[in-house]
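Undergrad:
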Amino acid sequence: MITPITAQLLFDKLKDIKIGGQICLFTEEKCCELAPVINEINALKAEKNAVILAHTYVSPEIIFGVADFVGDSYALSVDAKNTSADVIVFSAVKFMAETAKILNPDKDVLVPSTLNGCSLADSITGEHVRKLRTQYPDFAFVCYINTTADVKAECDVCVTSSNVYDIVERIPNQNIYFLPDKLMGQNIIVEMKRRGVQKNILLWDGTCYVHEEYDPELIHYMRLEHPDVKVVSHPECSPAILKQSDYVGSTSQMIDYVKNTSANQFFILTECGLTTRLQLEFPEKKLVGSCTMCKYMKSNTLYDILRVLKSPNPEDHIVLNPDLQTKARHCIEQMFAYTAAKK
Ligand code: SF4
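Under this note's numbering, the residues of the sequence shown are numbered 1323 to 1665, in order.
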C-alpha cells in the first residue's frame, strides 16, 4: 500500500526551488492541485504493474512525485533493461522510449509527452545513414543515444554522454562517422587528440538547441562575479565552453561531481532539470546563474502520465518493426558490451 502524498508534504519538498522559471515555481495552490494527481498515478502504477522512468530534465513534480527511476539516457536504458514491470511509462522524449522498447520488446512502453521530439534526434533518419554508408564504406558508424530506432538500426554502436570518449577510443576502426551531434563530435576530436588516439572522425551536422546556445563570454562574466565558482558543462556544449569548464560530464556524472567536490558554488551549463534536482538534493551547495529549458522534456506533465496510464491513445504506445528492432538492439548491445568489457 503506497502512502498518499499530501499537498503540504509536496509544498515542503518543492517550495525552495529557485531556478527554472515559472514551470519550476511551486505555490501552495499548485501543490493542492498536483497532490491528488500524483496519488492517482501512484495507485494506477501499482494496479497495472507499471514503472515510470523519468529523465532528469523533466519537471520536478514528476521526478519527486511519481518517478520510479530518474537519470540520464544511459542510466535509464539500464533501468529499462532490468525492470520486471509489465508497463513502462517513459517520461522524457520519444527516442528514449524507443530505446526502452528495443530492450523490452514484450513490454508495453508508453510515451506521455505531447511534444516528444528532440532537435538532435530529428536531424537525421535511417535513410540518411544508409546513404552515408555507401559513401563511406570503410567507416564505423557511431551514433549518440539521441537518435531514433530507425537510425540506431543502421549504426554499429551507440554511445551516451557518459561513455562516448571511452567507446570511441576503443573502436578498432580508425575511421569513425559520428552522428548526429556535431558539437559532441568536435569534443570527441579534441579528447582523442588529448589522449593521443589517432582517429579520422567525420561528423553529421546536428545540434542540441539547448546546449548549443551557451556563449563562452557568459562563463567569463560569471567568473568575474563569482571567482570561486566551478563551471560544470555537458558534452553537448561547444568545445569553447568545455575548454573553460572545470568539469564536463553526463547529467549523472555532474551530480556526482557536485556531490563529491568540496567546492560549494557551481554554474551548471545544461537543462534546468539538473539544477532543480541539485538544489533539492544538495541544499548546502550554491548554484549561480540561470539555466535553459528543453521544450520537449518540459512538455511532459503529470496529467499526460495519468492519461496514458488510464486510457492511452494508439499513438502513445511505442510500436517498432521487428527487423528494425533487432538491428537497433544490436547497436545498443554493442554499447553495453563495450561498457562491460571496460570493468
Ligand atoms: S535537451 Fe537537447 S538533446 Fe535533450 S531532448 Fe532536449 S533538444 Fe534533445
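Glycine included, every Cβ here is placed at the ideal spot set by N, Cα and C. Please read all numbers here as calculations on a predicted model, not as lab measurements.
1) Figure out for me which residue from Thr-1436, Glu-1420, Asn-1438 and Leu-1437 has the closest Cα to the Cα of Asp-1430.
2) Just mark Thr-1469 as buried or exposed, buried being the case when its beta carbon has 16 or more other beta carbons within 10 Å.
3) Is Val-1532 near ligand 1 - that is, is its Cβ less than 7 Å away from at least one heavy atom of it?
4) If you run the structure through DSSP and keep just helix, strand and coil, what is Leu-1437?
5) By the three-class DSSP mapping on this structure, what secondary structure does Val-1551 have?
6) Using CA coordinates, which residue listed in Pro-1561, Glu-1535 and Thr-1583 is at the minimum distance from Arg-1516?
7) Using a 10 Å radius around the Cβ and a threshold of 16 neighbouring Cβ atoms, would you call Ile-1385 buried or exposed?
8) With a threshold of 7 Å, establish whether the CB of Ser-1441 neighbours any heavy atom of ligand 1.
9) Could you give the distance in angstroms between the alpha-carbon of Asp-1503 and the alpha-carbon of Thr-1325?
10) Apart from the five residues just before and just after Tyr-1536, which ones in its own chain have a Cβ nearer than 8 Å to its Cβ?
11) Taking the alpha helix (DSSP H) that Cys-1354 belongs to, which residues open and close that run?
12) Exposed or buried, which one is Ala-1376 when buried takes at least 16 other CB atoms within 10 Å?
13) What residues in its chain sit with their C-beta under 7 Å from that of Lys-1617, if we drop five residues either side in the sequence?
14) Does the distance from the CB of Ala-1471 to the CB of Ile-1424 come in under 8 Å?
15) Any beta carbon of chain C sitting closer than 8 Å to that of Pro-1636?
16) Rounded to the nearest angstrom, what separates Gly-1448 and Asp-1334 at their Cα positions?
17) Identify the residues that DSSP records as bridge partners of Gln-1587: which are they?
18) Which class does Gly-1518 belong to by DSSP, given the choice of helix, strand or coil?
19) When DSSP labels each residue in this structure, what does Cys-1346 get in the three-state scheme?
20) Compute the minimum distance between the beta carbon of Cys-1616 and the heavy atoms of ligand 1, and state whether it is under 7 Å.
21) Please give the ranges of any beta strand (DSSP E) in the region 1455 to 1494, keeping only runs that are unbroken, at least 3 residues long and fully inside the region.
22) May I have the straight-line CA-CA distance separating Thr-1573 from Leu-1596, to the nearest angstrom?
23) Counting C-beta neighbours from all protein chains within 10 Å, is the total for Gly-1528 16 or more, i.e. buried, or is it exposed?
24) Judging by CA-CA distance, which residue of Ser-1441, Lys-1552 and Leu-1366 is the nearest neighbour of Asp-1408?
25) I'd like to confirm something about Glu-1593: is its beta-carbon nearer than 7 Å to some heavy atom of ligand 1, or not?
26) Check whether the Cβ of Val-1554 sits closer than 7 Å to any heavy atom of ligand 1, and report yes or no.
27) According to DSSP, is Gly-1571 part of a helix, a strand, or is it coil?
28) Taking the alpha carbon of Ser-1441 as the point to measure from, which residue in Asp-1638, Arg-1629, Met-1619 and Lys-1649 has its own alpha carbon closest?
29) Is the beta carbon of Met-1506 within less than 7 Å of some heavy atom of ligand 1?
30) On the DSSP bridge assignment, give the partners of Asn-1497 in chain order.
TA: In short, the structure shows the following:
1) By one-based count along the sequence shown, residue 1430 stands at place 108. Put simply, of Thr-1436, Glu-1420, Asn-1438 and Leu-1437 the residue whose alpha carbon is nearest the alpha carbon of Asp-1430 is Glu-1420.
2) Position 147 of the sequence shown holds residue 1469. Counting Cβ neighbours within 10 Å, Thr-1469 comes out buried, since at least 16 surround it.
3) Within the sequence shown, residue 1532 is the residue found at index 210, counting from 1. For ligand 1, at least one heavy atom lies less than 7 Å from the Cβ of Val-1532.
4) Numbered from 1 along the sequence shown, position 115 holds the residue referred to as residue 1437. DSSP places Leu-1437 outside both helix and strand once states are collapsed to three, so it counts as coil.
5) Numbered from its first residue, the sequence shown carries residue 1551 at position 229. DSSP places Val-1551 in coil when its eight states are reduced to three.
6) Walking along the sequence shown from the start, residue 1516 turns up at place 194. Each of Pro-1561, Glu-1535 and Thr-1583 was checked against the Cα of Arg-1516, and the nearest Cα belongs to Pro-1561.
7) Against the sequence shown, residue 1385 aligns to sequence position 63. Taking every protein chain shown into account, the CB of Ile-1385 has 16 or more other CB atoms within 10 angstroms, so this residue is buried.
8) Here the question's residue 1441 lines up with position 119 in the sequence shown. Because some heavy atom of ligand 1 lies under 7 Å away, the Cβ of Ser-1441 counts as near it: yes.
9) By one-based count along the sequence shown, residue 1503 stands at place 181. By one-based count along the sequence shown, residue 1325 stands at place 3. Looking at the two C-alpha atoms, the distance is approximately 43 Å.
10) Here residue 1536 corresponds to residue number 214 of the sequence shown, with the count starting at 1. Cβ within range, chain order: Ser-1555, Cys-1559, Ser-1560, Ile-1563, Leu-1591 and Thr-1614.
11) Translated into the one-based positions of the sequence shown, residue 1354 becomes position 32. Annotation: the continuous alpha helix (DSSP H) that includes Cys-1354 extends over 1350 to 1370.
12) For the purposes of this step, residue 1376 is taken as residue 54 along the sequence shown, with counting starting at 1. Ala-1376 is buried by the Cβ-count criterion.
13) Position 295 of the sequence shown, counted from the first residue, corresponds to residue 1617. So the list reads Leu-1437, once near-sequence residues are dropped.
14) Here residue 1471 corresponds to residue number 149 of the sequence shown, with the count starting at 1. Here residue 1424 corresponds to residue number 102 of the sequence shown, with the count starting at 1. Their beta carbons are under 8 Å apart, which means Ala-1471 touches Ile-1424 by this criterion.
15) No chain C is present in this structure, which holds just one protein chain.
16) If you number the sequence shown from 1, residue 1448 lands on position 126. If you number the sequence shown from 1, residue 1334 lands on position 12. A direct Cα-Cα distance of roughly 47 Å separates Gly-1448 from Asp-1334.
17) The sequence position of residue 1587 within the sequence shown is 265, counting from 1. DSSP lists Lys-1608 as partners of Gln-1587.
18) Here residue 1518 refers to the residue found at position 196 of the sequence shown. Three-state result, Gly-1518: coil.
19) For the purposes of this step, residue 1346 is identified with residue 24 of the sequence shown, where counting begins at 1. Helix at Cys-1346.
20) Indexing the sequence shown from 1 puts residue 1616 at position 294. Closer than 7 Å to some heavy atom of ligand 1: that describes the Cβ of Cys-1616.
21) Within the region 1455 to 1494, the complete beta strand (DSSP E) segments of 3 residues or longer fall at 1462 to 1466 and 1479 to 1481, listed in chain order.
22) Along the sequence shown, read from residue 1 onward, the residue named residue 1573 stands at position 251. Along the sequence shown, read from residue 1 onward, the residue named residue 1596 stands at position 274. Whole-angstrom Cα-Cα distance: 7 Å.
23) By one-based count along the sequence shown, residue 1528 stands at place 206. The residue in question, Gly-1528, is buried, as its Cβ has 16 or more Cβ neighbours within 10 Å.
24) Counted from its first residue, the sequence shown places residue 1408 at position 86. Checked all of Ser-1441, Lys-1552 and Leu-1366; the closest Cα to Asp-1408 is Leu-1366.
25) Here residue 1593 corresponds to residue number 271 of the sequence shown, with the count starting at 1. Glu-1593: yes, Cβ under 7 Å from ligand 1.
26) One-based indexing of the sequence shown puts residue 1554 at position 232. Every heavy atom of ligand 1 is 7 Å or more from the Cβ of Val-1554, so no.
27) To locate residue 1571, count along the sequence shown from 1; it is residue 249. Gly-1571: coil per DSSP, three-state reduction.
28) In the sequence shown, residue 1441 corresponds to position 119, counting from 1. Among Asp-1638, Arg-1629, Met-1619 and Lys-1649, the Cα nearest to that of Ser-1441 is on Met-1619.
29) Translated into positions along the sequence shown, residue 1506 becomes position 184. No; taking the cut-off as 7 Å, the Cβ of Met-1506 has no heavy atom of ligand 1 nearer than that.
30) Numbered from 1 along the sequence shown, position 175 holds the residue referred to as residue 1497. The partner list for Asn-1497 (beta bridge, DSSP) reads Asn-1522.
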